[in-house]
Amino acid sequence: LFVYNTLLDGYCKAGKLSVALDVYSQMERKGISPDAFTCSILMKSYCGEGRVEEAESLFQKINNAGVSPNVVVYNILIDGYCKEGSMEKALKFYSQMTDDGVRPNIITYSSLIDGYCKRGDMEAAMELYSETVVKAIEPDVVVYTALIDGHFKNDNMQAALTLFREMIEASITPNAFTISCLIDGLCKDGRVNDAVKLLGEGQTSPALRKMLQVDSSCSFLNGIVYTSLMQGLCKDGRILRASKLFSELRCHGLKPDTIMFYVILQGHFRSKNLPDVMMLQADMLKVGIMPN
RNA sequence: ACUUACGAAGAAA
């Protein structure tokens, strides 16, 4: 069973669900009965392809076969429904798991919270956040990051920054995800300068690093942060600064991807720099990126 | 050290 599960997980992670399902029926033929691991591996793959209904069927089937769903199995189903925006169904399984005596954990909450954030229902998201505090399920960096991102995307920079502060006060260390949400949010709010400043300080100032409680090995300057900054600069008409960032990517061990090229191209178009557009196009082919 | 399963970030459509 262990070997089969490992194999199933491998196929699923390689995006070959159909092969995994073949292997699964082979298991059934051999009389090897699935367990919660088997169930969660296949369900996750179904959800990843947007086939949440089929994940639920499998859930019911295995449930009927006498495998009791554990917290991971429930989490996958709940997250699947959250990602497709069906919060009602997600909540249904959330209460079902509670009735089954399966305790929701921080991952359950972060799926639900992110689901509400993506739907723009920050009130519901914040309510669940308070619930974690009440139930003594410590909110972690993922929950805070989802909420910060949600607040920014729903045009509430103040709430986002307040949560960021609270998170640090709670001694939760922001990671690269957290920082990229902050930077992207600031940029989209037209505060590119603040974003650059925050990053610059984070790179150089031990004091800020200490305040953010990150160690020196944590680099926030990943490709996503660069993209946000470049887009912010472009929208601000500062295509030269953006191009400069773009050209220094390599010095930081990053390589430009399709999205970055798109952002910079768009910037040149905005500034009507047709010659630069042509040059970029050539560069793009040179580094082996095909326009999509 | 990790080692069968679950949650958060960038362009466009």
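Yeah, the first sequence ends on 311 if you go by the numbering used here, and it's all consecutive.
Glycine included, each C-beta is placed from N, C-alpha and C at the ideal position.
Since we're looking at a predicted model, the values are computed, not measured.
- Put simply, the backbone Cα of H271 is about 36 Å away from that of T127.
- With distances taken between CA atoms, V38 lies nearest to Y23 out of V162, Q285, Y23, R184.
- No Cβ-Cβ contact shorter than 7 Å links D54 with V91.
- Put simply, of S130, I191, I81 the residue whose alpha carbon is nearest the alpha carbon of S105 is S130.
- Annotation: M62 to I167 spans about 29 Å, alpha carbon to alpha carbon.
- Around the C-beta of D41, fewer than 16 other C-beta atoms lie within 10 Å, and the residue is accordingly described as exposed.
- For I60, the closest C-alpha among the options L20, A189, G256 is that of L20.
- Boundaries of the alpha helix (DSSP H) harbouring N82: 71-83, taken from the DSSP string.
- Taking a C-beta distance under 7 Å as the contact criterion, L273 and R260 do not qualify as a contact pair.
- Taking all protein chains shown into account, P294 has fewer than 16 neighbouring C-beta atoms within 10 Å of its C-beta and is therefore exposed.
- With contacts defined as CB atoms closer than 7 Å, I202 and V161 fail to qualify as a contacting pair.
- When rounded, the separation of the alpha-carbon atoms in R257 and S149 is 41 Å.
- Distances from the alpha-carbon of K254 to those of L268, D276, A178, V282 put V282 closest.
- Per DSSP, N124 lies in no alpha helix (DSSP H) segment and is marked neither H nor E.
- For G272, the three-state secondary structure derived from DSSP is coil.
- Of the other Cβ atoms in all chains shown, 16 or more fall within 10 Å of the Cβ of M141; this residue is therefore buried.
- Burial of N94 is indicated by the presence of at least 16 other C-beta atoms within 10 angstroms of its C-beta.
- Looking from the CA of F196, the closest CA among V306, A189, A165 belongs to A165.
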